[in-house]
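Residue numbers (this note's numbering): 9 to 634. Where is the CB? At the ideal position from N, CA and C, for every residue including glycine. Here's the structure we're looking at; comments come further down.
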């Protein structure tokens, strides 16, 4: 049960202003068209993020809250000296220099090649916090497959500096070949390096949590709180009442429970090596078939790592023999709740194949149908708006600092789309278009994990082990459920799922389960009124009506998203709850994540998602075209 102000939205706002300058020069030289240019983008960001800004109290029970006993946890972020938090400013620049040659080798073959150099620039200065610089962390990036696997490097955080500006040079080449010279068969493709940007909120996490302009997020457990600590509706009351726990200025020591973040000094903007090959083929009956394959390889993927997480100190016994942290051993600096570093990795890829067929019919009809197969794997889909949430919301078997390459949460393996359009012009000044759009695809991907912290790292982010048979898992009595009844119910759950049934004796993979297929239809109506008004230029007044998820308008059961009954908002299915370590066997103990077996079985089903995304909607638009 939770009530009161939501923890993350108080005074939470992001302002972005972008200014761009581009200057190109083109020169035609016989069969060559040379283009050179410079570009500069300046991005100003102002980010307010005051997690638990109205204070956060946690109690062991509702009775404890009603009786006003000391809470089991308290958290807050606040401005120094009673001042309101004004937000963190960042000014980022990206300078680009590029040159390209478009070479018409023949009437049939054109080659385009070039190079683009980009330099990120960080214009505003940051203030360092000596209390953070004085701390020593671990490298947070080594292999975590066994206790104390290798010596951990010492790591020092520097929250007073942005990453070093490093030039990225990206060459590219592409071609277009009209095989027969009549555009009936065209082959095109290319390869090259491409760089991009990322959400700058992950950059502003650094000054926001540094303790230089506002307090870092401070989390306290019951042992840290005075005996007379009680609830107060004034969210600044505890800060004023206990100055030793909540300093009013940046102090020489970091407040206990601080959550801090840094961008690695060698961090580079996201970068991929991307290649594609495609063919456009004219077919009989006025049809065009397009085939395209695309492959991307991550060069600079974006990941988060917690450098305050040490190596695990123990390892489970049995078939699920993953390492784990014993109580109190999951922090290098016990007074720091987390120390997140935004970093790069070079693992990850995406590949897709698309086949598309288009046709123009008689009497104003046209249509298209396309199928795409896609596979994408990454270390993390970064499922969070802050460094800490992006890290804690990821999933892995061993440890979040060394995630395995697994399926991306964004990529579904199969997708089918189609459209049919009818357009008619009449009365010299009117035209009406009616289009029906279809999309069919899986409803995303899901993972299987435990409902709580199974490996002791402080996060509920541990992927499920699927037993070969029920003897491999140790169940304990939970409520009225006996261990035997729970083991039988869980194995029946495994057998009912195609993915789990084929993963017996193995760990599940992040986002490996493909969710059920969903069909959706949209309708668009366009009404044009056009005239020349005595000039050669055509003016058009266009009215549009979009019916989103039109199938749901006809039948309330159509086009409705669903989610597994045991899944959370991130599509993580959680059938089991970790119940500690058996003192005799050193095996993990479990219970079903339900009040009884009947409730567990009832949750093993897809449940309709009651949101606006599942309902039909209409959108009216008007546009003037000249």
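Taking a contact to require three or more Cβ pairs closer than 8 Å, the region 298 to 309 and the region 224 to 243 do not qualify as touching.
Residue 544 and residue 51 have their C-alpha atoms some 41 Å from each other. For residue 592, there is no enclosing beta strand (DSSP E), as DSSP marks it with neither H nor E. A residue is called buried once 16 or more other Cβ atoms fall within 10 Å of its Cβ, and residue 601 is buried on that count. Residue 577: not part of any beta strand (DSSP E); DSSP gives it neither H nor E.
DSSP places residue 533 in the strand class (E or B) of the three-state scheme. Between residue 261 and residue 254, the alpha-carbon positions lie close to 11 Å from each other. DSSP places residue 380 inside the beta strand (DSSP E), whose first and last residues are 373 to 386.
Annotated as distal: residue 608 and residue 458, with beta-carbon spacing of 8 Å or more. Within the region 45 to 99, the complete beta strand (DSSP E) segments of 3 residues or longer fall at 64 to 66 and 81 to 84, listed in chain order. Following the DSSP letters along the chain, one finds residue 214 inside the alpha helix (DSSP H) bounded by residues 209 to 217.
Here residue 492 carries a helix assignment [DSSP, helix/strand/coil]. Beta-bridge partners of residue 195 (DSSP): 185 and 287.
In the pairwise beta carbon analysis, the region 158 to 176 is classified as not touching the region 368 to 375: fewer than three pairs are separated by under 8 Å.
About 54 Å separates the beta carbon of residue 595 from that of residue 197, a gap too long to meet the 8 Å contact definition.
The three-state reading of DSSP puts residue 112 in strand, counting E and B together.
Here residue 11 is exposed. Its C-beta has fewer than 16 other C-beta atoms within 10 Å.
Distances from the CA of residue 426 to each of 116, 443 and 396 were compared; the closest alpha carbon is that of 443. If you compare the alpha carbons of 397, 65 and 142 with that of residue 267, the shortest gap goes to 397.
Check the Cα spacing between residue 394 and each of 241, 58 and 203: the tightest is with 58. Secondary structure at residue 122: strand, using DSSP grouped into helix, strand and coil. Sequence-distant partners of residue 30 (beyond 5 residues in either direction) whose C-beta falls short of 7 Å from its own C-beta, in its chain, are 45 and 47. Of the candidates 352, 291 and 9, 352 places its Cα closest to the Cα of residue 387.
Where residue 313 is concerned, the enclosing beta strand (DSSP E) starts and stops at 295 to 314. Counting other Cβ atoms within 10 Å of its Cβ, residue 474 reaches 16 or more and is therefore classed as buried. CA-CA distance, residue 628 to residue 240, rounds to 49 Å. For residue 140, the enclosing alpha helix (DSSP H) covers residues 138 to 141. In the displayed model, residue 395 falls within a helix according to three-state DSSP. With a cutoff of 8 Å on beta-carbon distance, residue 85 and residue 230 are scored as not near each other. Per DSSP, the unbroken beta strand (DSSP E) holding residue 364 starts and ends at 357 to 368. For residue 558, no beta strand (DSSP E) encloses it; the enclosing alpha helix (DSSP H) starts and ends at 558 to 562. Taking a contact as a CB-CB distance under 8 Å, the pair residue 547 and residue 539 counts as one, their CB atoms being some 6 Å apart. Here the region 522 to 530 lies against the region 558 to 571, with 3 or more beta-carbon pairs under 8 Å apart. With a 10 Å radius around the Cβ and a threshold of 16 neighbouring Cβ atoms, residue 21 comes out exposed. If you look at residue 610, you'll find it isn't in any beta strand (DSSP E); it sits in the alpha helix (DSSP H) that goes 605 to 611.
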